[in-house]
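Notes for the one structure printed next.
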Amino acid sequence: MSFSYLFKRLIAIIPVLVIVSLITFSFIHLIPGDPAMALLGINATPAQINALRSEMGLDQPLVLQYFNWLLRTFQGDMGVSYLSGRSIFQSVIERLPHTLVLALLSIFLSVLIAIPSGIIAAARQNSISDRFVMLFSLIGVSVPSFWLGIMLVILFAVKLQWLPASGYVSIFEDFSQGIYYLILPTCSLAIVLAAVSARMMRASMLEILRQDYIRTARAKGLSRWASILKHGFKNSLIPVVTVIGINFGWLLGGTVVIETIFGIPGMGRLVIYSIMNRDYPMIQGVVLYMAVIYMLVNLLVDILVTALDSRIRY
Amino acid sequence: MNPLQPSPYLLDCQGLSVTFRIDGRDFKAVNNVSFQLARGEVLGVVGESGCGKSMMALAQLNLVPEPGYVSGGRILFQDQDLRAKTERQMQAIRGNRISMIFQEPMTSLNPVFRIGRQVAEVFLKHQNISRKEAGELTLQALEDVGIPAPHKCVNDYPHQLSGGMRQRVMIAMAIGCNPDILIADEATTALDVTIQAQILELMKSIVNRFDMSILFITHDLGLVAELCDRVVVMYAGKIVETATVTDLFDNPVHPYTDRLLKSIPKIDSPVDELTIIPGRVPNLTELARSFCPFEPRCLISSEVCRNVSPELQKAEKDHYVSCHHYGEATS
Amino acid sequence: MTNLNRYRFYRSIKSNKLTLLGFAIIIILTVIALAAPFIAPFDPSDVHITERLKNPDLKYLMGTDEYGRDIFSRVIFGTRVSLQVSFLVTIISTVIGTVIGLWSGYFGGVSDFIIMRTIDGLMSFPALLLSLFIMAAFGSSTTNLILALSIVFIPNSARLTRNAVLTIRELEYVESSRACGAGTLRIMFDHILPNCIPPLIINSTVVFGYAILSEAALSFLGFGDSSISSWGAILSDGRDFIFQAPWISIYPGIAISIFVLGANLTGDGLRDILDPRMEKI
Chain Y
95 MSFSYLFKRL
105 IAIIPVLVIV
115 SLITFSFIHL
125 IPGDPAMALL
135 GINATPAQIN
145 ALRSEMGLDQ
155 PLVLQYFNWL
165 LRTFQGDMGV
175 SYLSGRSIFQ
185 SVIERLPHTL
195 VLALLSIFLS
205 VLIAIPSGII
215 AAARQNSISD
225 RFVMLFSLIG
235 VSVPSFWLGI
245 MLVILFAVKL
255 QWLPASGYVS
265 IFEDFSQGIY
275 YLILPTCSLA
285 IVLAAVSARM
295 MRASMLEILR
305 QDYIRTARAK
315 GLSRWASILK
325 HGFKNSLIPV
335 VTVIGINFGW
345 LLGGTVVIET
355 IFGIPGMGRL
365 VIYSIMNRDY
375 PMIQGVVLYM
385 AVIYMLVNLL
395 VDILVTALDS
405 RIRY
Chain G
36 MNPLQPSPYL
46 LDCQGLSVTF
56 RIDGRDFKAV
66 NNVSFQLARG
76 EVLGVVGESG
86 CGKSMMALAQ
96 LNLVPEPGYV
106 SGGRILFQDQ
116 DLRAKTERQM
126 QAIRGNRISM
136 IFQEPMTSLN
146 PVFRIGRQVA
156 EVFLKHQNIS
166 RKEAGELTLQ
176 ALEDVGIPAP
186 HKCVNDYPHQ
196 LSGGMRQRVM
206 IAMAIGCNPD
216 ILIADEATTA
226 LDVTIQAQIL
236 ELMKSIVNRF
246 DMSILFITHD
256 LGLVAELCDR
266 VVVMYAGKIV
276 ETATVTDLFD
286 NPVHPYTDRL
296 LKSIPKIDSP
306 VDELTIIPGR
316 VPNLTELARS
326 FCPFEPRCLI
336 SSEVCRNVSP
346 ELQKAEKDHY
356 VSCHHYGEAT
366 S
Chain H
11 MTNLNRYRFY
21 RSIKSNKLTL
31 LGFAIIIILT
41 VIALAAPFIA
51 PFDPSDVHIT
61 ERLKNPDLKY
71 LMGTDEYGRD
81 IFSRVIFGTR
91 VSLQVSFLVT
101 IISTVIGTVI
111 GLWSGYFGGV
121 SDFIIMRTID
131 GLMSFPALLL
141 SLFIMAAFGS
151 STTNLILALS
161 IVFIPNSARL
171 TRNAVLTIRE
181 LEYVESSRAC
191 GAGTLRIMFD
201 HILPNCIPPL
211 IINSTVVFGY
221 AILSEAALSF
231 LGFGDSSISS
241 WGAILSDGRD
251 FIFQAPWISI
261 YPGIAISIFV
271 LGANLTGDGL
281 RDILDPRMEK
291 I
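Residue numbers (this note's numbering), protein chains in the order written: chain Y, 95 to 408; chain G, 36 to 366; chain H, 11 to 291.
What follows is the structure, given as structure tokens:
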């Protein structure tokens, strides 16, 4: 795959990045009332407010503020949290791995469930297994993932007491313990994601099975399953990968709630905490990072799809 | 047939029927069809779209798609009934002893795999050889079908090749294991006329070089005249006439064949009006009405045609026809 | 019967049955929402301190919460919130999105570029995050929740409409410009909108479902009006009592799932009906 393609894609992202940064930046200024006043509370004196305003650079023209903010962000300096005084960047870096672990594990588990299910459902169209997969899929997309998490906790933590209701150990410190605490949160997200992906996989496979090259494979002497798996599989992955990419946004949103329920110290919990406590700079920082991550994931998906399908060479 | 004496035919299809079950009703796409194919012979199967020739071809390899299924008859290949074989046994035959190529080379090749891999697959499946050996056989096969620069071709993707080249690749895959029979289902229909001629030449050379038999399915009588030794004419799922190519063109005895031949405008004779066959091919659901499927469009049909099904009978030496009034049309 | 025929047979009955079921679910829940004061045995905010955290029984069909409020009544009244939010979000986002898409697709040029990049920008934020972001800025109330979710879902209909416009423009443009020079705009709207409507309808069912789920998630997290008994809020209350009173957490979730299921079934069915391009094998 050519560098020029990669380069073109990166260039195309820039205007979107600009918009994203604008949206994020405008946040503090969208808050009704003066941001400085909002931070200090009603009892602040005008002197205090003015001091904070000049400290935050709020007395400068908006455009200048934006560029300053942008410049500093590029350098990794997103400012400090108005609550803890710690660097926002620092907080994000600390918490990002935990969210990513949860997200990636969820994707992994969902793919493990969805791909075989989708293939079997398509190959055995209208059999019991197909109906079962469709049913599971339909229910899975209708159920709120956080409620699923709570239900799993009720079943496995309260009633059966096999797994913990909440708590967290980082897998980087103690792998098995970390996994132990991650099982329920991961399942909550993975099951819903699997439902969406399985549907896509099945639809994609059904399309593939009607293609002529599957018939050619049979004419060469391959068995039905060999034709499906060897020839159909790679082709059918493309829409599935795309779907997972699109749903990564949903996944990031999902981690916000799941982290809150299970007490995982990730970016999601940071967002909630910051919002509850009006830590506006922190909110800005975290949301910006999550948006950028989502964009990068979509770029990755595009590249992956191009790698899978040689016909798409922009 | 005397079981002690081997059949002189490579492929002996007896009373083959293919049925489609749609909405609870049965429709026969192929109705009691019988034909024979000798070694090194090219048998043409001619008919309009929808006459069942493709289904008949797929039935030989048991690849009839749902909701169709082979509902009757025997397919004797080297004296063994293919219908009695298990799926695994059939897999050993497909691509190995009997191969098939199809109409659309673009969609018949997997777009995400390179040519080399797709061709090598047929060797790896049927022969116990290494990847390297399969690669060498692939290059040889591509060369055999006249592809220039096989070394480059193996690394290409299907969309990078022209239509003619793709069909050559399909042929290479099909003849790679030196099968006894090649079934070509409208293999040249999707190609330009010039490319068509090239592929036809290729097929002739394959028959000569490898002593291969070809079941050549087409709707184009011109191609039949070029390539085939014998020909079978199908209409609405039944065989209406079978003869050598010369006999068929010189002396067609079935009214359908007769009009088919007459409808080809000849370049050297002046023609005021194109001969057509009035009416249209019946679709599967309409076949119930007459016993001879061609009767509604036939100019010489009579009462008996509506009430008694014409069976294949000998008109002359090696020339069979299923018609109550054969020979009367040509005048 | 072969697989294919079994399929055909079941599909014609089933797709209609399932679509009807989905539609029925939505209608029934709408009725429940509208008739809530008459159906609910208790006022949802009525406190019965002596009967806190009771198991579901004949009096309190779904049990009570930590203040002794009847969960069943709260769930019934919760239907109102979900319905109101989802309907409004769907309508607002679809209308605004369609207008934006029409403008962008038809006029093209710089405005199209800017609008589309903005849409892309909005879509680069995970939906829940964006709505949290907006609500964090403007404050948390039901109105803001509806506003935030509407903004989140505008890109869907905007893109859809814009694509439709671009397609039609290629097709009809030549003809209509020849037919009547003046009033091209009128013809555009007469031609484009009918083509947009099927995918917009299907999109609406999807947005509807997502809106219910998003509203539940936001209420669960503590945003949205805390004085009303939205399903998400009930679930949030229930979290502290998972061990003693799991029923508080079970029933609202079932309600959410059923509602979303209804939206999805309807959407699936409509997709089958409205999209003839999809071959029925």
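The C-beta atom is built at its ideal place from N, Cα and C for all residues, glycine as well.
Could you tell me if the beta carbon of residue i falls within a distance shorter than 8 Å of some heavy atom in the ligand FMN?
i	result
Gln202 of chain G	Of ligands this structure carries none, so the ligand FMN is not represented either.
Pull up the DSSP beta-bridge partners for residue i, would you.
i	result
Gly79 of chain G	G:Phe251 and G:Val266
Gln49 of chain G	G:Arg109
His58 of chain H	His58 of chain H pairs with nothing; no bridge assigned.
Ile274 of chain G	G:Met269
Thr74 of chain H	H:Asp80
Ser181 of chain Y	Y:Val174
Leu72 of chain G	G:Leu46
Gly211 of chain G	The partner list for Gly211 of chain G (beta bridge, DSSP) is empty, contrary to what the question assumes.
Leu217 of chain G	G:Ser134 and G:Ile249
Glu156 of chain G	Answer is none; Glu156 of chain G lacks a bridge partner.
Lys64 of chain H	Per DSSP, none; premise fails for Lys64 of chain H.
Lys63 of chain G	G:Thr54
Gly103 of chain G	G:Phe55
Arg129 of chain G	G:Ile133
Using the beta-carbon count (16 or more within 10 Å), is residue i buried or exposed?
i	result
His194 of chain G	exposed
Phe101 of chain Y	exposed
Glu351 of chain G	exposed
Thr60 of chain H	exposed
Leu156 of chain Y	exposed
Ala119 of chain G	exposed
His359 of chain G	buried
Gln254 of chain H	exposed
Arg293 of chain Y	buried
Leu210 of chain H	buried
Met91 of chain G	buried
Met370 of chain Y	exposed
Ser121 of chain H	exposed
Can you confirm whether residue i, when its beta carbon is compared against all beta carbons of chain C, has any partner nearer than 9 Å?
i	result
Gly339 of chain Y	Looking at the structure shown, chain C is missing, and the protein chains on hand are Y, G and H.
**Request:** Compile a chain-ordered list of the residues in the stretch 247 to 265 of chain H whose CB is closer than 9 Å to at least one CB of chain Y.
**Result:** For the stretch 247 to 265 of chain H, the beta-carbon criterion of a distance under 9 Å to any beta-carbon of chain Y is satisfied by Gly248, Arg249, Ile252, Phe253, Pro256, Ser259, Ile260, Pro262, Gly263 and Ile264.
**Prompt:** Is it true that the stretch 65 to 79 of chain G meets the stretch 248 to 264 of chain G, where meeting means three or more beta-carbon pairs spaced less than 8 Å apart?
**Reply:** Because the criterion of three Cβ pairs below 8 Å is met, the stretch 65 to 79 of chain G and the stretch 248 to 264 of chain G touch.
**Asked** According to a CB-to-CB cut-off of less than 9 Å, which residues of the stretch 111 to 129 of chain G neighbour chain Y?
**Response** So the close ones are Glu122, Arg123, Met125, Gln126, Ala127, Ile128 and Arg129.
**Request:** Mind the definition here: the stretch 245 to 262 of chain Y touches the stretch 315 to 328 of chain Y only if three or more C-beta pairs lie below 8 Å; say whether that holds.
**Result:** Judged by Cβ distances under 8 Å, the stretch 245 to 262 of chain Y makes no contact with the stretch 315 to 328 of chain Y, as fewer than three pairs qualify.
**Item:** Contacting positions in the stretch 350 to 364 of chain Y - beta carbon closer than 8 Å to chain H
**Value:** Contact annotation: in the stretch 350 to 364 of chain Y, residues whose CB is within less than 8 Å of a CB in chain H are Val350, Val351, Thr354 and Ile355.
**Request:** Determine which residues of the stretch 298 to 309 of chain Y have a Cβ less than 8 Å from any Cβ of chain G, and write them out in chain order.
**Result:** Along the stretch 298 to 309 of chain Y, the positions whose C-beta sits under 8 Å from a C-beta of chain G are Gln305, Asp306, Tyr307 and Arg309, read in chain order.
**Residue ranges of each alpha helix (DSSP H) within the stretch 228 to 265 of chain H, 4 or longer** = Those alpha helix (DSSP H) runs which fall completely within the stretch 228 to 265 of chain H and span 4+ residues are 241 to 249.
**Message:** Does the contact criterion of 3 or more C-beta pairs under 8 Å hold for the stretch 46 to 61 of chain G versus the stretch 352 to 368 of chain Y?
**Reply:** Not touching, per the Cβ criterion.
**Message:** I want to know whether the stretch 308 to 317 of chain Y touches the stretch 95 to 111 of chain H - three or more CB-CB distances under 8 Å.
**Reply:** Verdict: no, contact absent.
**Request:** May I ask you to verify whether the stretch 265 to 273 of chain H touches the stretch 209 to 228 of chain H, counting CB pairs closer than 8 Å and requiring at least 3?
**Result:** These segments touch.
**Prompt:** Which runs of the alpha helix (DSSP H), 4 residues or longer, sit entirely within the stretch 296 to 346 of chain Y?
**Reply:** Correct list: 306 to 313.
**Prompt:** Okay, do the stretch 192 to 211 of chain G and the stretch 88 to 98 of chain G touch, 3+ Cβ pairs below 8 Å being the bar?
**Reply:** With a cut-off of 8 Å, the stretch 88 to 98 of chain G and the stretch 192 to 211 of chain G do not count as touching, because too few Cβ pairs lie within range.
**Prompt:** Is there contact between the stretch 198 to 205 of chain Y and the stretch 282 to 290 of chain Y, where contact requires at least three CB pairs shorter than 8 Å?
**Reply:** With a cut-off of 8 Å, the stretch 282 to 290 of chain Y and the stretch 198 to 205 of chain Y count as touching, because enough Cβ pairs lie within range.
**Request:** Evaluate the contact criterion for the stretch 339 to 349 of chain Y versus the stretch 129 to 141 of chain H: three or more CB pairs, one atom per stretch, below 8 Å.
**Result:** Verdict: yes, contact present.
**Asked** Pairing CB atoms from the stretch 53 to 69 of chain H with CB atoms from the stretch 77 to 90 of chain H, are three or more of them under 8 Å?
**Response** Because the criterion of three Cβ pairs below 8 Å is met, the stretch 53 to 69 of chain H and the stretch 77 to 90 of chain H touch.
**Request:** Output, in sequence order along the chain, the residues in the stretch 230 to 241 of chain H whose CB is closer than 7 Å to any CB in chain Y.
**Result:** Residues Phe230 and Leu231.
**Message:** Closer than 8 Å is the cut-off here; do at least three beta carbon pairs connect the stretch 272 to 280 of chain H with the stretch 35 to 45 of chain H?
**Reply:** Judged by Cβ distances under 8 Å, the stretch 272 to 280 of chain H makes contact with the stretch 35 to 45 of chain H, as three or more pairs qualify.
**Request:** Name, going along the chain, the residues of the stretch 159 to 188 of chain Y whose beta-carbon falls closer than 7 Å to a beta-carbon of chain H.
**Result:** Correct list: empty, as no residue qualifies.
**Request:** Determine which residues of the stretch 311 to 326 of chain Y have a Cβ less than 7 Å from any Cβ of chain G, and write them out in chain order.
**Result:** Correct list: Arg312, Ala313, Lys314, Gly315, Leu316, Ser317 and His325.
**Prompt:** When Cβ atoms are compared, which residues of the stretch 256 to 271 of chain Y fall closer than 9 Å to chain H?
**Reply:** Taking a C-beta cut-off of 9 Å against chain H, the contacting residues of the stretch 256 to 271 of chain Y are Ala259, listed in chain order.
**Asked** Can you list, in chain order, the residues of the stretch 374 to 386 of chain Y whose Cβ is nearer than 7 Å to any Cβ on chain H?
**Response** Near chain H, meaning a CB-to-CB distance below 7 Å, the residues of the stretch 374 to 386 of chain Y are Ile377, Val381, Met384 and Ala385.
**Asked** Does the count of Cβ pairs from the stretch 200 to 208 of chain H and the stretch 257 to 265 of chain H closer than 8 Å reach three?
**Response** Too few Cβ pairs lie closer than 8 Å, so no.
**Asked** Do the stretch 148 to 164 of chain H and the stretch 220 to 236 of chain H meet, that is, are 3 or more Cβ pairs less than 8 Å apart?
**Response** Of all C-beta pairs linking the stretch 148 to 164 of chain H to the stretch 220 to 236 of chain H, three or more are shorter than 8 Å, placing the two stretches in contact.
**Stretch pair the stretch 157 to 165 of chain G + the stretch 107 to 115 of chain G: three plus CB contacts closer than 8 Å** = Output reads no: the stretch 107 to 115 of chain G does not touch the stretch 157 to 165 of chain G.
**Message:** Counting only Cβ-Cβ distances shorter than 9 Å, please list the residues of the stretch 239 to 257 of chain Y near chain H, keeping chain order.
**Reply:** Considering only beta carbons, the part of the stretch 239 to 257 of chain Y lying closer than 9 Å to chain H consists of Ser239, Phe240, Trp241, Leu242, Ile244, Met245, Val247, Ile248, Ala251, Val252 and Lys253, in chain order.
**Request:** Could you tell me whether the stretch 206 to 226 of chain G touches the stretch 234 to 243 of chain G, where touching means 3 or more Cβ pairs closer than 8 Å?
**Result:** Yes: at least three Cβ pairs fall under 8 Å.
**Request:** Using a Cβ-Cβ cut-off of less than 7 Å, give me the residues of the stretch 169 to 203 of chain G that come near chain Y, in sequence order.
**Result:** Residues passing the 7 Å Cβ filter: Tyr192 and His194.
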